[in-house]
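A.B. asks: Residue numbers (my numbering): -4 to 217. Glycine residues also receive a C-beta, built at the ideal position from the N, C-alpha and C atoms. Just dropping this structure here.
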């Protein structure tokens, strides 16, 4: 997967939240995205995950995606297991394999006792476990985690750390944001940093992104 001069703004005359981001997103990597509050981290993750389209530039060769948003819509009219079975179908799983994957992650994350409870009745932490479970269902491709550890208990945090590490080790790619600087410390292959203008640099790894030439940028803004 590759980001090519990606920019995002919410309206034609609105300021750029993300601008001129060009970077490979290699398989087999754990990538930590950093930046101060309001620097555009969640916006960039949404573009990477395909949740929203870039306003300029393009995303090439995006694989199958599992995504935990910063804010998960908890008040859904399903039980936790019903929701996860629906998401398993969205991810292309079916039949016994779908049910097996759903039950596996409910158990691993400590949410199995609440599998049949309505989502709207679950605590914030339990809803976060469901959000994490739905993203982990595909088991391969691209995993995008936006503050996914927030609200989890210690055991579930360890489970997610292990799952993210295994995902990358198996040839997938993980891009994550987390407020804890020690999260996956020493295991992230690259650290991406957004500055206050929405531009990205890669602080570790083999590549450093640079703004596109002005003429190219003008073409992309059309």
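Measuring straight from C-alpha to C-alpha, what distance separates residue 197 and residue 189?
C.D. replies: Distance between the alpha carbons of residue 197 and residue 189 is about 9 Å.
A.B. asks: DSSP three-state label for residue 154, please.
C.D. replies: It is helical.
A.B. asks: Could you give the residue range of the alpha helix (DSSP H) that holds residue 118?
C.D. replies: Looking at the DSSP string, residue 118 is not in any alpha helix (DSSP H), and its letter there is neither H nor E.
A.B. asks: Could you check what DSSP says for residue 14 in three-state terms: helix, strand or coil?
C.D. replies: DSSP places residue 14 in strand when its eight states are reduced to three.
A.B. asks: Would you call the stretch 67 to 79 and the stretch 113 to 125 in contact, with 3 or more CB pairs under 8 Å?
C.D. replies: Verdict: yes, contact present.
A.B. asks: Quick check on DSSP: helix, strand or coil for residue 100?
C.D. replies: Of the three classes helix, strand and coil, the one that applies to residue 100 here is helix, per DSSP.
A.B. asks: Applying the 10 Å Cβ sphere with the 16-neighbour rule, what's the burial state of residue 153?
C.D. replies: Exposed is the call here.
A.B. asks: For my contact list, residue 149 and residue 179 are in at a C-beta cut-off of 8 Å; report their separation, rounded to the angstrom.
C.D. replies: Their Cβ separation, rounded to whole angstroms, is 15 Å, which puts residue 149 and residue 179 out of contact at 8 Å.
A.B. asks: Between which two residues does the beta strand (DSSP E) containing residue 220 stretch?
C.D. replies: A question about residue 220 goes unanswered here, because the residues of the chain that appear run from -4 up to 217.
A.B. asks: Does the Cβ of residue 167 have 16 or more other Cβ atoms within 10 Å, making it buried, or fewer, making it exposed?
C.D. replies: Label assigned to residue 167: buried.
A.B. asks: Going by beta-carbon coordinates alone, are residue 28 and residue 182 separated by less than 8 Å?
C.D. replies: No, the pair does not count as a contact, with Cβ atoms beyond the cut-off.
A.B. asks: Could you give the DSSP three-state label for residue 77: helix, strand or coil?
C.D. replies: The answer is helix: DSSP assigns residue 77 an H, G or I state.
A.B. asks: Would you call the CB atoms of residue 11 and residue 146 closer than 8 Å?
C.D. replies: Their beta carbons are not under 8 Å apart, which means residue 11 does not touch residue 146 by this criterion.
A.B. asks: For residue 213, which residues of its own chain have a beta-carbon under 7 Å away from its beta-carbon, when the five flanking residues on both sides are left out?
C.D. replies: With a pLDDT of only 37 at residue 213, under the threshold of 50, the placement of this residue in the model should not be trusted, and no figure is reported.
A.B. asks: Just verifying my parser: in three-state terms, what is the DSSP assignment at residue 187?
C.D. replies: Reduced to three states, the DSSP call for residue 187 is strand.
A.B. asks: Please classify residue 5 as buried or exposed, where buried requires at least 16 neighbouring CB atoms within 10 angstroms.
C.D. replies: Exposed.
A.B. asks: How about residue 58 and residue -4: do their beta carbons lie closer than 8 Å?
C.D. replies: Yes, the pair counts as a contact, with Cβ atoms nearer than the cut-off.
A.B. asks: So is residue 31 buried or exposed if we call it buried at 16+ other beta carbons inside 10 Å?
C.D. replies: Looking at its Cβ environment, which holds fewer than 16 other Cβ atoms inside 10 Å, residue 31 is exposed.
A.B. asks: Mapping the DSSP letters down to three states, classify residue 165 as helix, strand or coil.
C.D. replies: Coil at residue 165, not helix or strand.
A.B. asks: So does the stretch 130 to 147 actually touch the stretch 31 to 44, counting three or more Cβ pairs closer than 8 Å?
C.D. replies: Yes, the stretch 130 to 147 touches the stretch 31 to 44.
A.B. asks: Would you please state the rounded distance, in angstroms, between the beta carbons of residue 61 and residue 131? I believe it to be under 8 Å.
C.D. replies: Their Cβ separation, rounded to whole angstroms, is 6 Å, which keeps residue 61 and residue 131 in contact under 8 Å.
A.B. asks: If you compare alpha carbons, which of 174, 77 and 40 is closest to residue 98?
C.D. replies: It is 77.
A.B. asks: Whole angstroms are fine: how far does the CA of residue 0 sit from the CA of residue 216?
C.D. replies: Because the pLDDT of residue 216 is 35, which lies under 50, any placement of that residue in the model is unreliable, and the question is left without a value.
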